[in-house]
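Chemist: There's a structure below that I have some questions on.
There are 2 protein chains.
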Amino acid sequence: MPKAIILRLESYLTYLGQLRSENKKTATSDELAKLFGISSSRVRQDLVALGATGKPRSGYGIAELEERIIQALDVDNKKKIALIGLGNLGRALAGSNVWSQGGFDLRAIFDKDPQLIGTEVHGLKVRSITELFGAIKSDGIAAACITVPASAAQPVTDLLVTAGIKGIWNFSPIEINVPAEVTVENMRLEQGLMTLSFRMRSQSSGMNK
Amino acid sequence: MPKAIILRLESYLTYLGQLRSENKKTATSDELAKLFGISSSRVRQDLVALGATGKPRSGYGIAELEERIIQALDVDNKKKIALIGLGNLGRALAGSNVWSQGGFDLRAIFDKDPQLIGTEVHGLKVRSITELFGAIKSDGIAAACITVPASAAQPVTDLLVTAGIKGIWNFSPIEINVPAEVTVENMRLEQGLMTLSFRMRSQSSGMNK
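In order, the protein sequence lines correspond to chains A and B. Taking my numbering, the leading residue of the first sequence gets 154, the next gets one more, and so forth. Taking my numbering, the leading residue of the second sequence gets 154, the next gets one more, and so forth.
Written out as structure tokens, the structure is:
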């Protein structure tokens, strides 16, 4: 599935959650199309691929559509994940609910700072990075989020790969090298700002017309 | 410009930066196409819209292409931005280089915690949220990043809008309401995990075939 479609499914899901919180029961392809400035036929194409068919006037049942997207993205199957690096960003993520929303279950936190090792963060005891290999093996952890400095990113990745990790959520600013069977999702926070930058200019030039 | 194209331009830019750091001078549309699993003709379409034309064999000059994308996204025009909320996430962002990479210049930090107000964070003095309105007006700040709890997101947004902010990078988990002339870019960190979730399953089912 192309990345653009995965991103759209994620956005549909976010939007459907909002509609549900407003007690709405159905959503039309037109409403969803507005999200991305795409055509409603493109939306229907995306959704038919998941086996979802809307009704002529009312559209799609929100609960059913959410369920189908959640299944397509495998979000209901919570995969065990470890967090490596307990700086400010790691700490912010550890305390957030992104894990379960994104299809994961945060099970372990590792850092190299002796001051942090042994302390408890959101119910998890921080472990030494030297225990990483054994812990990942014994706990059956499938994925890792790395929020370590750039210089540590590749060595930590190598350790994770050797321990059998299959997916890495990479917040470090460098491109990490992994074997073909390991999936890496790079988180480039600056891309959100670039989008804002572009849209602010479009907005202001649109208003000057 | 559809969001999908903006996202592709951002990813081209990240990738071109990596190639440049490896001392490469040119990149082909085929190389860029691999990034997204899209066709190389789609890549050429994206780039021709920016006025960039590749040479038959060698492809695009990396430095020139980066320059064109930077201009298209308005990243070289650094807009003044304020950070509201100095929790772990705010602190991580304050110390990062996302601002200049994304087209902004972090000029002010606000929080409501008296313990934080007056302290210095990465060269900026933390100010009270009660000073927000005046400071934004007098400093000519155009955008804001909000990393406040969900309950504070809408009141802070209302204050920012009244002060004349034109763009908001929203890390709070709620949808904020703004007038039409204000641009909001929602940062949904869990979407990165959903992509990883989807791709890990595709990877493992592909390997079982």
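The C-beta atom is built at its ideal place from N, Cα and C for all residues, glycine as well. All figures in this text were calculated on a predicted structure; none of them were measured in a lab.
1) Is there contact here, the segment 325-340 of chain B with the segment 293-303 of chain B, by at least three beta-carbon pairs under 8 Å?
2) Strictly by DSSP, which residues pair up with Trp322 (chain A)?
3) Output, in chain order, the set of chain A residues within a Cβ distance shorter than 7 Å of Gln254 (chain B).
4) Below 8 Å on the Cβ atoms is my contact criterion, and I expect Val251 (chain A) with Glu343 (chain B) to pass it. Report the Cβ-Cβ distance as a whole number of Å.
5) Which residue or residues does DSSP assign as beta-bridge partners of Gly214 (chain B)?
6) Just to confirm my understanding: we take His275 (chain A), look at its own chain, exclude 5 residues before and 5 after, and list those with CB closer than 7 Å. What are they?
7) Jot down the residue ranges of each uninterrupted alpha helix (DSSP H) in the segment 223-280 of chain A, minimum 4 residues, whole runs only, in chain order.
8) Does the segment 227-237 of chain A come close enough to the segment 199-210 of chain A that 3 or more CB-CB pairs lie under 8 Å?
9) Since Arg244 (chain B) contacts Ile215 (chain B) with CB under 8 Å, what's their CB separation in whole angstroms?
10) Could you check whether the segment 259-278 of chain A touches the segment 263-274 of chain B, counting it as contact only if at least three pairs of C-beta atoms, one from each stretch, sit closer than 8 Å?
11) Using C-beta distances below 6 Å, list every residue in its chain close to Asp183 (chain B), excluding the 5 sequence neighbours before and after it, in chain order.
12) Please list the terminal residues of the continuous alpha helix (DSSP H) segment that includes Val201 (chain A).
13) Once the 5 residues before and after Lys290 (chain A) are set aside, which same chain residues still bring their CB inside 8 Å of it?
14) Compare the Cα-Cα distances from Val131 (chain B) to each of B:Pro308, B:Gly256, B:Tyr165, B:Asn230 and report the closest residue.
15) Let me check understanding here. Comparing Cα to Cα, which of B:Ile191, B:Ser304, B:Asn323, B:Ser358 lies closest to Ala157 (chain B)?
16) When you compare only the Cα positions, how much space is there between Lys319 (chain B) and Met154 (chain B)?
17) Does Gln198 (chain B) come within less than 8 Å of chain A when only Cβ atoms are used?
18) Taking Arg341 (chain A) as the reference, give the member of B:Gln198, B:Glu219, B:Gln254 with the closest Cα.
19) Closer than 7 Å between beta carbons: that is the criterion. Which residues of the segment 163-187 of chain A meet it against chain B?
20) For Glu219 (chain B), I'd like the list of residues in its chain whose CB is within less than 8 Å of its CB, leaving aside the five on either flank, ordered along the chain.
21) Between the C-alpha atoms of Thr310 (chain A) and Val301 (chain A), what's the straight-line distance to the nearest angstrom?
22) Between Phe263 (chain B) and chain A, is there a C-beta pair that is closer than 8 Å?
23) Just the C-alpha distance for Asn230 (chain B) and Ile329 (chain A), rounded to the nearest angstrom, thanks.
24) What are the residues of the segment 233-253 of chain B that lie near chain A, defined by any Cβ-Cβ distance shorter than 9 Å?
25) Answer yes or no: does any C-beta atom of chain B fall closer than 8 Å to that of Ser357 (chain A)?
26) Do Gly287 (chain A) and Ser350 (chain B) have their CB atoms nearer than 8 Å?
27) Looking at Pro326 (chain B): is its Cβ nearer than 8 Å to the Cβ of Ala303 (chain B)?
Modeler: Once the coordinates are examined:
1) yes
2) A:Cys298, A:Glu338
3) Glu343
4) 4 Å
5) B:Thr179
6) Ala247, Gly248
7) 241-247, 251-255
8) no
9) About 34 Å; that fails the 8 Å criterion.
10) no
11) Ser193
12) 193-201
13) Ala316, Gly317
14) There is simply no residue 131 (chain B) to check, as chain B begins at 154 and stops at 362 in what is shown.
15) B:Ile191
16) 19 Å
17) no
18) B:Gln254
19) Glu163, Thr167, Gln171
20) Leu166, Leu169, Gly170, Arg173
21) 10 Å
22) no
23) 30 Å
24) Ile234, Gly240, Asn241, Leu242, Gly243, Arg244, Ala245, Leu246, Ala247, Gly248, Ser249, Asn250, Val251, Trp252, Ser253
25) yes
26) no
27) yes
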